[in-house]
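Enquirer:
In mature numbering (1 follows the signal peptide of the UniProt record, and there is no 0), the protein residues as written are -20 to -1, 1 to 439.
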């Protein structure tokens, strides 16, 4: 047995002495060093999902989505599959020992049929990894696992932002629908009064048609928003994976101005923070795997040393195998190399090298896309805030204009058309303010996702 173990142990010690894969170096990020707003990332507090979503209903819906979304479940199952594939790749680095009981019958030297029984251990075609080919395959599988884990984190981050976006969009449409319904009631009342005034000659046909047009416009807006609200609910149910109850949806009296829905997101930092985004990590680990696969392809061009062997008891009878059988072993080593393969191995190396070049380009593109997303969201953050303030000022002005126009109409100093025009402008300003507030909230979600959110490495 010692004669079998000694050469095997020596072979194991030699394994991995050579490494054919190129040394990995992270490509330089092809983006500016800093994002548009300067700051110190080390001082930034990255809100968790619970901290980001300040509304209890919104948090509950996002938690339901994380538990029931099928796309996220597929991403998590991919992680489990990659973990099993890594175990398979790691197993190739170690010998496979099996117990065997072998019975044979063959003629002996005198031509007489004789039985032979052998029981013991077998070593099945173990490759000594002298050139690191098997290790490179294991390294590639490990990098693929890390890439799959990063993809799952990216899917989780995307699901959080998509669900919050869908919920807030539903809230905005619900608020707009409430405002439009109130506007419709007011316009139908104005139309009723205008019809009465037109009958007695106190209103013109032009004023009547204007009132009819505004009422019809409000009815059309109600129908449109009712359709949007129903579609918003369907989209939200698909993300969550189940229908939602009224207690989980935005209330009918919801107002985007009535609460601080989302926590602030850190604004200023170096562009290096983008390297911690899960999708960037995924792209880099795919590059690491492609780099290791070059070593696998190169290793196929060199000789491969494979060892097989067995050791155990041998006897002429089955009973004697366990009682005084003689010990026997065998050890076979094979050193083989392809002499002619029509260029297959060289082509495989070139394929691996091209795959790495593609992975580099994909990584750089991912970093550039991450920078664009973060830069756009950062630039938009302050402008949306100013636009909300300006829209609020416009709404206040339209409210005062409508009040004064109604007073002038009551004393005969303004026409009904002037009053209806003021009311139309007021309704438009109300709708626009809701839309701008929604856009500001959604941009905050975009910024949270663009900077990696709670799924970024080290957050």
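Every residue, glycine too, gets a C-beta built ideally from N, C-alpha and C. Since the model is a prediction, treat every value here as computed from it, not as a measurement.
For residue 90, is the classification buried or exposed, using 16 other Cβ atoms within 10 angstroms of its Cβ as the cut-off for buried?
Expert: Reading the chain shown from its first residue, position 110 is the one you call residue 90. The residue in question, residue 90, is exposed, as its Cβ has fewer than 16 Cβ neighbours within 10 Å.
Enquirer: Contact defined as beta carbons within less than 8 Å: I believe residue 116 pairs with residue 298. What is the distance between those atoms, to the nearest angstrom?
Expert: What you label residue 116 is simply residue 136 of the chain shown in a count that begins at 1. What you label residue 298 is simply residue 318 of the chain shown in a count that begins at 1. About 45 Å; that fails the 8 Å criterion.
Enquirer: Can you give me the Cβ contacts of residue 421 inside the same chain, cut-off strictly under 8 Å, excluding the 5 residues immediately before and after it?
Expert: If you number the chain shown from 1, residue 421 lands on position 441. Excluding positions up to five away in sequence, the list reads 148, 236, 241 and 242.
Enquirer: Rounded to a whole number of angstroms, what is the C-alpha to C-alpha distance between residue 379 and residue 406?
Expert: Here residue 379 corresponds to residue number 399 of the chain shown, with the count starting at 1. Here residue 406 corresponds to residue number 426 of the chain shown, with the count starting at 1. Each residue's Cα considered, the two are about 6 Å apart.
Enquirer: Assuming residue 114 and residue 73 make a contact with CB atoms under 8 Å, what is their CB distance in whole Å?
Expert: Locating residue 114 in the chain shown gives position 134, counting from the first residue. Locating residue 73 in the chain shown gives position 93, counting from the first residue. Residue 114 to residue 73, Cβ: 5 Å. Contact.
Enquirer: Pick from 86, 78, 268 and 59: whose alpha carbon is nearest that of residue 136?
Expert: For the purposes of this step, residue 136 is identified with residue 156 of the chain shown, where counting begins at 1. Measuring from the Cα of residue 136, the nearest candidate turns out to be 59.
Enquirer: If we count the other Cβ atoms within 10 Å of its Cβ and call it buried at 16 or more, is residue 365 buried or exposed?
Expert: Here residue 365 corresponds to residue number 385 of the chain shown, with the count starting at 1. With fewer than 16 Cβ atoms within 10 Å of its Cβ, residue 365 is classed as exposed.
Enquirer: Who pairs with residue 96 in a beta bridge, going by DSSP?
Expert: As a working mapping, residue 96 is identified with position 116 in the chain shown. For residue 96, which the question treats as bridged, DSSP gives the partners 84.
Enquirer: So, residue 234 versus residue 44, is the Cβ gap smaller than 8 Å?
Expert: Taking the first residue of the chain shown as position 1, residue 234 is located at position 254. Taking the first residue of the chain shown as position 1, residue 44 is located at position 64. Not closer than 8 Å, so no.
Enquirer: Is the distance from the Cβ of residue 402 to the Cβ of residue 373 below 8 Å?
Expert: As a position in the chain shown, residue 402 is number 422, starting the count at 1. As a position in the chain shown, residue 373 is number 393, starting the count at 1. No, the Cβ-Cβ distance between residue 402 and residue 373 is not below 8 Å.
Enquirer: Rounded C-beta distance between residue 444 and residue 130? I'm assuming under 8 Å.
Expert: Because the chain here runs from -20 to 439, residue 444 falls outside it and cannot be looked at.
Enquirer: Could you check the C-alpha separation between residue 21 and residue 196 for me, to the nearest Å?
Expert: For the purposes of this step, residue 21 is identified with residue 41 of the chain shown, where counting begins at 1. For the purposes of this step, residue 196 is identified with residue 216 of the chain shown, where counting begins at 1. Low local confidence applies: a pLDDT of 44 at residue 21 is under 50, so the model's placement there is unreliable, and no value is given.
Enquirer: Which residue's Cα is closest to the Cα of residue 412: 152, 101 and 125?
Expert: Translated into the one-based positions of the chain shown, residue 412 becomes position 432. It is 152 whose Cα lies nearest to the Cα of residue 412.
Enquirer: Exposed or buried, residue 345, counting other C-beta atoms within 10 Å across all chains shown (16 or more means buried)?
Expert: Position 365 of the chain shown holds residue 345. That one is exposed.
Enquirer: Identify every residue that forms a DSSP beta bridge with residue 309.
Expert: Numbered from 1 along the chain shown, position 329 holds the residue referred to as residue 309. Answer is 291.
Enquirer: Flag this pair as yes or no: are the beta carbons of residue 177 and residue 183 separated by less than 8 Å?
Expert: Counting from one through the chain shown, the residue named residue 177 turns up at place 197. Counting from one through the chain shown, the residue named residue 183 turns up at place 203. Yes.
Enquirer: Apart from the five residues just before and just after residue 139, which ones in its own chain have a Cβ nearer than 6 Å to its Cβ?
Expert: On the chain shown, residue 139 is found 159 positions in, with the first residue counted as 1. Counting only Cβ-Cβ distances below 6 Å, and skipping sequence neighbours, we find 45, 49 and 52.
Enquirer: Can you say whether residue 77 is buried or exposed, counting buried as having 16 or more other CB atoms within 10 angstroms of its CB?
Expert: As a working mapping, residue 77 is identified with position 97 in the chain shown. So residue 77 ends up on the exposed side.
Enquirer: For residue 258 and residue 436, which I take to be in contact (beta-carbon distance under 8 Å), what is that distance rounded to the nearest angstrom?
Expert: Position 278 of the chain shown holds residue 258. Position 456 of the chain shown holds residue 436. Yes, residue 258 and residue 436 are in contact; Cβ-Cβ is about 7 Å, under 8 Å.
Enquirer: For residue 169, count neighbouring Cβ atoms within 10 angstroms of its own Cβ and tell me buried if that reaches 16, exposed if not.
Expert: Working through the chain shown from its first residue, we reach residue 169 at position 189. Exposed, by the Cβ-count rule.
Enquirer: Determine whether the beta carbon atoms of residue 289 and residue 98 lie at a separation below 8 Å.
Expert: As a position in the chain shown, residue 289 is number 309, starting the count at 1. As a position in the chain shown, residue 98 is number 118, starting the count at 1. The answer is no: Cβ separation not under 8 Å.
Enquirer: Leaving out five residues on either side along the sequence, give the residues of the same chain with a beta carbon under 7 Å from the beta carbon of residue 144.
Expert: Indexing the chain shown from 1 puts residue 144 at position 164. Taking C-beta separations shorter than 7 Å and ignoring five residues to either side along the sequence, the partners of residue 144 in its chain run 33, 38, 42 and 425, following chain order.
Enquirer: Give me, in chain order, the residues of the same chain whose beta-carbon lies closer than 7 Å to that of residue 7; leave out the 5 immediate sequence neighbours on both sides.
Expert: Here residue 7 refers to the residue found at position 27 when the chain shown is read from its first residue. These residues qualify, in order along the chain: 340, 343 and 344.
Enquirer: I'd like to know whether the C-beta atoms of residue 328 and residue 120 end up nearer to each other than 8 Å.
Expert: Position 348 of the chain shown holds residue 328. Position 140 of the chain shown holds residue 120. For residue 328 and residue 120, no; Cβs fall outside 8 Å.
Enquirer: Could you compute how far the alpha carbon of residue 434 sits from the alpha carbon of residue 47?
Expert: As a first step, residue 434 must be located in the chain shown, where it is residue number 454. As a first step, residue 47 must be located in the chain shown, where it is residue number 67. Residue 434 and residue 47: Cα-Cα distance of roughly 17 Å.
Enquirer: Check each candidate in 281, 134, 62 and 419 and name the one with the smallest Cα separation from residue 321.
Expert: By one-based count along the chain shown, residue 321 stands at place 341. Among 281, 134, 62 and 419, the Cα nearest to that of residue 321 is on 281.
Enquirer: Just list the residues that DSSP pairs residue 285 with in beta bridges.
Expert: Here residue 285 refers to the residue found at position 305 when the chain shown is read from its first residue. DSSP lists 108 and 315 as partners of residue 285.
Enquirer: Hey, would you say residue 285 sits closer than 8 Å to residue 31, going by beta carbons?
Expert: Your numbering for residue 285 matches position 305 in the chain shown. Your numbering for residue 31 matches position 51 in the chain shown. No, these two residues do not count as a Cβ contact at 8 Å.
Enquirer: Using only alpha-carbon positions, find the residue among 417, 66 and 301 that is nearest to residue 370.
Expert: Numbered from 1 along the chain shown, position 390 holds the residue referred to as residue 370. When only C-alpha atoms are compared, the closest one is 417.
Enquirer: Give me the Cβ distance between residue 265 and residue 127, rounded to the nearest whole Å; I'm assuming they're in contact under 8 Å.
Expert: Position 285 of the chain shown, counting from 1, holds the residue named residue 265. Position 147 of the chain shown, counting from 1, holds the residue named residue 127. The Cβ separation is near 4 Å, so the contact holds.
Enquirer: When we look at the beta-carbon of residue 428 and count the other beta-carbons within 10 Å, is it buried (16 or more) or exposed?
Expert: In the chain shown, the residue the question calls residue 428 occupies position 448. Per the 10 Å Cβ criterion, buried.
Enquirer: Buried or exposed for residue 201, please, with buried defined as at least 16 other CB atoms from any protein chain shown within 10 angstroms of its CB.
Expert: Your numbering for residue 201 matches position 221 in the chain shown. The residue in question, residue 201, is buried, as its Cβ has 16 or more Cβ neighbours within 10 Å.
Enquirer: Tell me the DSSP bridge mates of residue 77?
Expert: What you label residue 77 is simply residue 97 of the chain shown in a count that begins at 1. According to DSSP, residue pairing for residue 77 in a beta bridge involves 103.
Enquirer: Thinking just about the alpha-carbon of each residue, which of 295, 318, 362 and 326 is nearest to the one in residue 81?
Expert: The residue you call residue 81 lines up with position 101 of the chain shown. Checking every option, the nearest Cα to that of residue 81 belongs to 295.
Enquirer: Sorted by chain position, which residues of the same chain lie with C-beta nearer than 6 Å to residue 432's C-beta, five sequence neighbours on each side aside?
Expert: Sequence index remark: in the chain shown, residue 432 carries index 452 (1-based). Hits under 6 Å: 256 and 257.
Enquirer: Quick check on residue 95: buried or exposed, where buried means 16 or more other Cβ atoms within 10 Å of its Cβ?
Expert: Along the chain shown, read from residue 1 onward, the residue named residue 95 stands at position 115. Counting Cβ neighbours within 10 Å, residue 95 comes out exposed, since fewer than 16 surround it.
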